[in-house]
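Reviewing the structure listed below.
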Amino acid sequence: MLQEATQYLKDKTSFVPETGIILGSGLGGLVHYLDIRNRFPYAEIPGFPVSTVEGHSGELIFAYLNGQALLVMNGRFHYYEGYGMETVVFPIRVMHLMGVKRLIITNAAGGLNPDFEVGDIMLIEDIISLLPDNPLRGTNKESLGPRFSEMSAPFDLDWMAKVNQAATKLEIDLKKGVYIGVQGPKLESRAEIHYLRMIGGDAVGMSTVPEVIAARHMGIKVLAFSVITNESIPKVSKIFTHEEVVAVAKKAGEKLVSLVRGVI
């Protein structure tokens, strides 16, 4: 299926992307800045499922941004939608076979760190997986990567240093921290929020971790950001809906778009 999807795209475009980008909930604003050469709805690509979540458009875009050749996922797939891990990371593996060597991942996440405010951008420095499955489970695909993938430094340090420089230049107060990936789709109880904070989490969400694992398995350099869309810390009594999360992500997304454009 990987070969079929890759061949389908290569038959329809000669574009060779260097960098991949995954746009999370409400973060599709980057598309307006792209010099788009090709775009493919997920439903047309062999092996691709269709995103069922509000705020995820569901298309693969080949484009230029600041002279860089990009392959952009406008919308992603989640484990909680009922997809297996192989399906969740299927597009990342297709990106690799299309030539992608670097990957920028974005998401909307709940804040756990009491110093975070709604609308903050967090550079993800490390991850904790509380998901019940792993995309590398099962027979290893030696053509993609090693049996035991090294994950002590999941994010590229040189690239992160450039992010800090771009944030300073753009006068963005960039937060940094650990992202915890959970299964979802339910939001966290107060006891779970306390637990997630105690084990070292600064933000929590239902995506990103599988994509990071799959990308690093294939030797892709990774950079990841969270838009803090709601404060999940215990002092907050308000219940947030998914619609509110998407609305905040769209508003704060412009700041993240500026940062990603600066990094590119």
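Using numbering that gives the first Met the number 0, the first residue of the sequence shown is number 0, and each one after it goes up by one.
Just so you know, even glycine gets a beta-carbon here, dropped at the ideal spot from N, CA and C.
Is the region 130 to 148 close to the region 220 to 228, with three or more CB pairs under 8 Å? no
In chain order, each alpha helix (DSSP H) run of at least 4 residues that lies wholly inside the region 48 to 94: 84 to 87
DSSP three-state label for residue 157, please. Correct three-state label for residue 157: helix.
Taking residue 168 as the reference, give the member of 261, 20, 48 and 68 with the closest Cα. Considering only alpha carbons, the answer is 261.
Using a Cβ distance threshold of 8 Å, determine whether the region 155 to 175 contacts the region 109 to 128, with at least three qualifying pairs required. At 8 Å Cβ cutoff, the stretches touch.
With a 10 Å radius around its C-beta and 16 neighbouring C-beta atoms as the bar for buried, classify residue 160 as buried or exposed. exposed
If the criterion is Cβ atoms closer than 7 Å, does the pair residue 70 and residue 94 meet it? yes
Any beta strand (DSSP E) of 3 or more consecutive residues that is wholly inside the region 172 to 237: 174 to 180, 202 to 204 and 220 to 230
Specify the secondary structure class of residue 112 as computed by DSSP and reduced to three states. coil
Out of curiosity, what's the CA-to-CA distance linking residue 62 and residue 131? 35 Å
Count Cβ pairs between the region 77 to 89 and the region 151 to 166 that sit closer than 8 Å; are there 3 or more? Pairwise C-beta distances place the region 77 to 89 out of contact with the region 151 to 166, as fewer than three of them are shorter than 8 Å.
Within its chain, find whatever has a CB closer than 7 Å to the CB of residue 214; leave out the 5 residues flanking it on each side and keep chain order. 91, 102 and 221
Among residues of its own chain, excluding the 5 on either side of residue 114, which ones have a beta-carbon nearer than 8 Å to its beta-carbon? 174
In the structure shown, what three-state DSSP assignment does residue 0 receive? coil
If you compare alpha carbons, which of 16, 41, 40 and 82 is closest to residue 34? 16
Residue 202 and residue 178 look like a contact to me (Cβ under 8 Å); what is the Cβ gap, rounded to whole Å? 5 Å
Relative to the C-alpha of residue 258, which residue among 65, 45, 38 and 2 is closest? 65
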